[in-house]
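The structure appears below as structure tokens.
Residue numbers (our numbering), protein chains in the order written: chain A, 8 to 412; chain B, 8 to 412; chain C, 8 to 412; chain D, 8 to 412.
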């Protein structure tokens with residue numbers, strides 16, 4: 008049976024599933040579950056088109072991997088069919104460990120990084136598919152000698168970033184985030200088993216970095232998005248607290264497991280399959296239906312927060328380059344506590360602060376390497392005559408109910 | 008407070024909310040609920056990008072309404088601000104009566120057409136917003152003397168169609184469905200209070216009709232989409248049956264009301280608000296979380312169907328221009344009943360047939376009218392020298408589990 | 008030396024020159040000359056973006072040929088490297104016989120069809136490139152047993168049409184002419200050495216035919232374009248007449264050869280190279296600079312027409328479905344003759360009529376063939392349930408100076 | 008007569024000509040002449056789609072001006088109809104002083120800056136249109152008190168730049184040059200009669216600056232483009248030299264005037280109309296047909312250079328960050344002189360060097376101003392936390408015939 012399915016993708020036109028094993032993986036419930044996890048969590052509250060899923064992103068990254076491999080092979084980089092297949096599998100599954108609302112609830116539902124979970128999923132699938140994922144796992148873990156294969160999956164210019172910047176720009180409508188992914192991919196090369204970019208690609212890289220920076224501040228760290236995601240975290244914290252105090256909360260069975268237990272990855276020890284079994288049942292639908300149930304819960308904090316999210320009555324979010332003064336925050340806390348008539352202990356669910364940061368380009372680790380026509384290789388920070396800054400930009404936010412101040 | 012908010016839309020760039028009352032309506036939970044109802048139900052099972060919502064469509068149609076009004080005014084059609092506002096409200100709310108999975112479960116959850124519900128919603132909002140929707144409702148019901156305002160909301164060339172064809176093409180990636188909406192809108196005019204199209208727009212209209220036809224067969228009535236939507240209907244039928252037989256089923260509170268009662272609109276009589284209250288709590292999330300719960304239900308039919316949908320193990324769908332013979336269907340029923348070891352009474356949940364039809368252009372009612380330079384007006388069917396056919400194209404489908412035949 | 012050059016194309020992104028011989032042909036002055044011949048003549052007088060050249064179109068068609076070959080090979084159609092290379096050469100050169108202003112002055116500068124000239128050019132290049140074009144010429148002449156290779160170059164679904172519809176839509180901005188070329192190409196297959204389209208492509212073909220029809224009436228046969236092209240022909244006719252009467256006209260040396268001789272292809276007999284030598288020097292620049300010179304010529308007809316074109320003071324163009332009555336035309340002739348104070352003999356340069364026609368789909372020859380899943384092949388006219396009409400649509404035009412009637 | 012014509016533009020969709028006087032100006036031969044002057048000279052030798060004209064750019068900038076005025080008015084900036092009309096006229100005509108091959112031959116055909124000529128053209132048109140351009144000229148000369156109107160025509164964020172970056176990206180296919188013009192325009196505001204950008208637009212401005220930088224190095228100063236443009240200048244220099252030495256050269260009458268005279272603007276003194284009369288006859292066609300004639304001229308330098316350009320046999324171009332050493336250049340000169348057997352005096356036509364430079368953002372004059380929510384205004388260089396560099400990037404080029412070294 009020929010499994011070379013073609014999928015319509017508004018971003019790239021048509022995506023071809025390149026290998027039978029990849030097709031079988033796509034069909035597996037673990038991957039199908041990614042259809043129910045939005046790529047960018049609650050970003051659609053600001054950009055209503057941003058409803059695309061981790062599933063779609065996985066297919067997109069797979070597509071770009073195919074292009075990158077084709078380009079490298081045309082430049083006489085040796086990549087065997089086994090390696091190409093393994094890289095395709097690894098990129099398809101690189102985010103499979105994401106749970107509901109992706110980054111928003113990461114570490115909250117269960118205290119573990121999604122990449123760790125991705126690896127567990129892969130190992131689990133490797134058992135199911137009788138070790139066909141061996142090489143993919145090696146590459147994913149960066150244990151394979153052709154480092155560039157890992158760099159295509161995880162690095163400053165990996166197919167993950169390429170696709171998510173493209174895709175998130177496309178679905179948000181923030182066209183300014185569009186990157187010249189096709190040109191960058193055409194400029195990729197390999198030098199000493201490491202991924203490099205040909206000299207002619209320097210301007211495209213600069214543009215890519217600036218587009219990424221813009222996407223961070225205009226989309227991913229948009230203050231309204233930040234605010235509502237923090238509200239969602241507070242809902243979960245409140246729910247856990249109530250459960251511990253013995254309250255009854257209606258959530259789906261799969262979510263109960265995570266609500267009633269404080270889990271870290273260590274709790275599973277050797278019992279990888281139990282964790283995966285529970286985790287693979289979770290998706291955005293569990294969270295949203297819980298929120299809908301919570302809107303009618305008797306705890307005023309839980310229902311207020313849940314209603315606010317469901318009906319999009321969002322909190323006010325202030326964003327600044329410096330931390331908020333204790334006095335300023337204290338004043339707001341005070342007002343909120345008066346208005347809502349709640350004790351100081353509960354105020355943290357309604358007034359919360361934090362910070363987010365982003366670096367346009369990180370010169371500290373694994374710089375993008377530029378390959379010159381004369382064979383020389385130099386880091387991007389020395390190649391661009393524009394001057395790339397590594398400065399960390401940090402912004403502080405403060406959220407609280409509207410109409411209080 | 009200036010409520011002229013701008014929304015990023017990947018389809019049109021930027022959408023401006025034109026009036027304060029429209030902004031207030033957009034903010035109302037009834038409209039926000041449309042954020043949780045996908046425009047094209049399960050179409051994303053074939054076109055993974057098609058996750059856009061009724062909310063986004065409502066904003067898009069609102070945007071096009073603004074353009075149409077501007078064009079007509081520039082041609083000296085008189086449209087007062089009150090009328091423009093009313094038309095904007097009416098188009099914003101035209102689909103507010105849609106429930107979970109839009110057309111798929113229409114008449115199934117409750118036996119009523121979504122437009123009837125839209126009207127109830129509008130009346131309800133009219134009470135809340137102190138009669139500010141009076142004129143919008145009149146226009147929506149086609150009771151206003153300037154017929155063209157109603158035709159912009161509901162007619163062969165309404166802003167609803169314009170937007171959904173655009174939007175569905177965009178998010179499915181079926182670029183062939185793209186229509187020249189901007190040109191068609193620029194060609195709109197009014198003659199005797201009716202919407203007409205200037206002569207120069209004839210080719211654009213032909214193209215629009217063919218694009219629409221293509222979208223029907225390639226997207227809306229795509230056999231895989233048809234199949235999975237029918238499966239979903241069977242899940243609901245089975246669930247109702249089980250409930251009547253006394254089984255316990257876990258569904259959200261809002262859905263229980265519809266699961267435990269066989270409702271028609273008559274049941275509500277004068278009690279419009281009760282119906283709206285219950286109905287406005289429903290969205291796609293209720294259905295999907297129920298499906299997820301059902302996957303572990305003890306009834307083998309219910310759990311089999313639910314798992315099939317959730318994990319996308321879809322049924323085989325045959326599509327033909329003629330009805331399937333009784334013999335052919337009988338044979339398949341027999342095989343399925345053997346394979347699944349189920350009684351004849353249950354077979355209707357696993358083997359089901361039906362038909363879908365579409366007319367490229369309906370000459371029977373309300374034809375598109377073409378306005379000639381000499382002032383003459385002729386129906387499109389007489390204007391196009393290509394020859395538009397009104398023939399009804401009907402296709403028959405038959406669905407059953409894969410691997411049986 | 009690696010000649011795999013990449014060219015930026017706004018229509019397709021990047022075009023790769025696939026073979027060294029193709030690169031060498033692209034570099035040849037005969038092909039470079041196509042950079043100076045606009046694809047759609049004076050269409051830019053209506054659509055100011057339509058300045059793209061035959062050169063760009065040749066590259067675009069080459070690109071699509073590469074895609075088509077890749078698709079067919081993936082369906083196990085055998086195409087050797089030699090055949091692929093020959094098909095690439097043939098499509099690159101298919102329009103090389105076009106002269107200045109493409110179709111507008113075809114048969115006017117010299118009475119010969121451009122395809123005949125294309126063949127002469129190819130034979131000439133075959134001598135230069137030492138018979139490397141043998142197979143390409145065979146395919147171009149449809150003498151090769153794999154008919155589908157010729158059909159990819161010249162047929163109802165050839166890469167020529169695919170590219171020009173795409174490209175002309177793109178540069179005119181008539182987005183409605185956009186076709187689903189990528190989908191159509193993905194649906195191509197071969198049956199009995201003939202090109203066929205898989206069943207799933209039927210709607211795309213319908214859309215393609217309607218888009219083509221729209222492009223004909225909205226762009227190629229747009230009445231203003233028709234008019235100015237006819238004016239250009241009249242300039243040339245007048246110039247020839249004047250030359251015969253002994254007048255002095257300033258034109259470039261290469262153009263003189265064609266101005267002073269009434270040439271048919273027979274005049275060259277065996278002297279192919281002389282014809283090609285002269286013809287290959289011609290391009291749009293010769294015509295436009297002649298026009299500019301003519302604006303100051305003492306013959307009032309010649310200078311009036313030339314000034315009208317250069318300064319875009321276009322004639323009035325009437326377009327109808329029926330021929331203009333003799334009376335109507337007579338009346339206009341009379342008025343023009345009075346206004347311009349010219350004799351009846353000259354009136355034909357200022358008042359002229361003609362007709363243009365287009366068939367949406369020609370069922371009379373070489374129909375598009377549809378390949379069904381069961382292996383059956385049926386012509387498109389029997390496959391589409393929409394009903395494709397073969398009717399010839401004919402329109403009559405009448406042109407004369409503005410402000411006369 | 009209603010002159011509100013709509014023009015199809017592939018970049019923006021539809022452009023409406025907003026005023027009768029603007030329509031009349033568009034129709035004037037001076038503006039129509041811009042149809043025959045390519046926006047980016049010989050850039051199409053690298054990017055074959057880049058054939059768009061100054062005419063198209065003028066319409067595009069006019070379109071954006073309309074958008075900017077609408078945005079500013081919606082923010083309660085007072086702009087009267089007279090002012091809007093004047094700004095529209097000024098932007099339409101801002102580049103009307105460009106001659107053949109735009110910047111390439113600027114100062115070469117006649118030693119004057121194109122903006123000075125634009126002003127002369129406007130004054131000339133002002134006479135023709137009976138002082139209807141008075142205010143437009145005032146604004147163009149920055150003599151009007153509402154400075155922002157001038158800044159929309161000429162400044163760091165003027166509609167000229169917005170359009171040319173958009174348009175050049177579009178037609179070259181260098182999508183990375185795409186800027187968020189619509190978002191930037193939506194963020195424009197006025198403070199103390201000066202153009203400012205709202206705080207939310209900072210990232211879009213950064214992106215705009217980087218996109219512009221990329222366009223400079225990847226398109227405008229692309230080394231192949233640089234090279235061929237320098238070759239063209241050498242052709243003209245050689246032609247002038249030969250003419251002075253008494254040689255006969257065939258060029259169009261309009262070009263003769265410039266070939267036989269060494270003109271500066273002072274030569275015209277009060278005789279503005281004579282200059283405009285001669286200059287307005289020039290366009291790209293004069294240069295290309297001359298080149299074609301020159302290919303057969305007996306002077307080997309002139310014919311070699313002309314043939315090289317016409318047949319696109321381009322010179323080798325080296326590009327470096329530091330000047331070329333005298334030794335290196337001397338060596339190449341020597342080789343070229345040997346190979347071509349020409350005297351040292353002639354070598355400057357075949358071996359030539361120079362430099363080009365670009366600044367991503369100029370902090371030295373008229374910085375972009377950012378308007379904060381609290382009413383404060385700060386220059387962009389202090390607003391961006393990315394850090395905008397004002398460093399001048401300079402590159403040195405050296406051109407000589409291929410195959411010599």
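Cβ atoms here follow ideal geometry from the backbone N, Cα and C, with glycine treated the same way. None of the values given here were measured: they were computed from a predicted structure.
- The Cβ atoms of residue 191 (chain B) and residue 208 (chain B) lie closer than 8 Å to each other.
- Boundaries of the alpha helix (DSSP H) harbouring residue 340 (chain B): 333–347, taken from the DSSP string.
- Of all C-beta pairs linking the stretch 75–84 of chain D to the stretch 257–266 of chain D, fewer than three are shorter than 8 Å, placing the two stretches out of contact.
- The beta-carbon of residue 412 (chain A) is placed no less than 8 Å from the nearest beta-carbon of chain D.
- Put simply, the stretch 96–108 of chain B touches the stretch 120–130 of chain B. At least three CB pairs are less than 8 Å apart.
- Near chain D, meaning a CB-to-CB distance below 7 Å, the residues of the stretch 295–329 of chain C are 295, 296, 299, 300, 318 and 319.
- Taking a C-beta cut-off of 9 Å against chain C, the contacting residues of the stretch 178–194 of chain A are 189, 190 and 193, listed in chain order.
- Contact note: residue 20 (chain D) reaches chain B through 189, using a C-beta cutoff of 8 Å and chain order.
- Between the alpha carbons of residue 14 (chain D) and residue 335 (chain C) lies a gap of roughly 32 Å.
- By the C-beta density criterion, residue 253 (chain D) is exposed, having fewer than 16 other C-beta atoms within 10 angstroms.
- Here the C-alpha atom of residue 411 (chain C) lies approximately 7 Å from the C-alpha atom of residue 342 (chain C).
- The continuous alpha helix (DSSP H) containing residue 141 (chain A) extends over residues 141–147.
- Against chain A, a Cβ distance below 8 Å from residue 210 (chain D) picks out 183, 220, 221, 224 and 225.
- Contacts with chain C at 8 Å (Cβ-Cβ) do not include residue 271 (chain D).
- Your pair residue 265 (chain D) and residue 71 (chain D) does not check out as a contact, with CB atoms roughly 33 Å apart and the cut at 8 Å.
- At the C-beta level, residue 153 (chain D) and residue 200 (chain D) come within 8 Å of one another.
- Judged by DSSP secondary structure, residue 152 (chain C) falls outside any alpha helix (DSSP H); it is assigned neither H nor E.
- Leaving aside the five residues that flank residue 214 (chain D) on each side, the residues in its chain whose CB is nearer than 8 Å to its CB run, in chain order, 186 and 187.
- Under DSSP, residue 195 (chain B) shares a beta bridge with B:204.
- One Cα belongs to residue 306 (chain C), the other to residue 30 (chain D), and the distance between them is close to 31 Å.
- For residue 404 (chain D), the enclosing beta strand (DSSP E) starts and ends at 399–407.
- In the three-state reduction of the DSSP assignment, residue 376 (chain B) falls in the strand class.
- In this model, residue 320 (chain D) and residue 408 (chain D) are separated by some 9 Å (Cα to Cα).
- Counting only residues of its own chain and dropping the five nearest sequence neighbours on each side, residue 249 (chain A) has a CB closer than 7 Å to the CB of 256, 306 and 309.
- Less than 8 Å divides the Cβ of residue 43 (chain B) from the Cβ of residue 291 (chain B).
- For the options B:111, B:36 and B:388, the alpha carbon positioned closest to that of residue 206 (chain B) is the one of B:388.
- Counting along the chain, the unbroken beta strand (DSSP E) around residue 20 (chain C) starts and ends at 20–23.
- Membership of residue 385 (chain A) in the beta strand (DSSP E) is indicated by the continuous run 384–386.
- Residue contact with chain B for residue 62 (chain A): present (Cβ-Cβ distance below 8 Å to some residue of chain B).
- Among the bridge pairs identified by DSSP, residue 364 (chain A) is matched with A:401.
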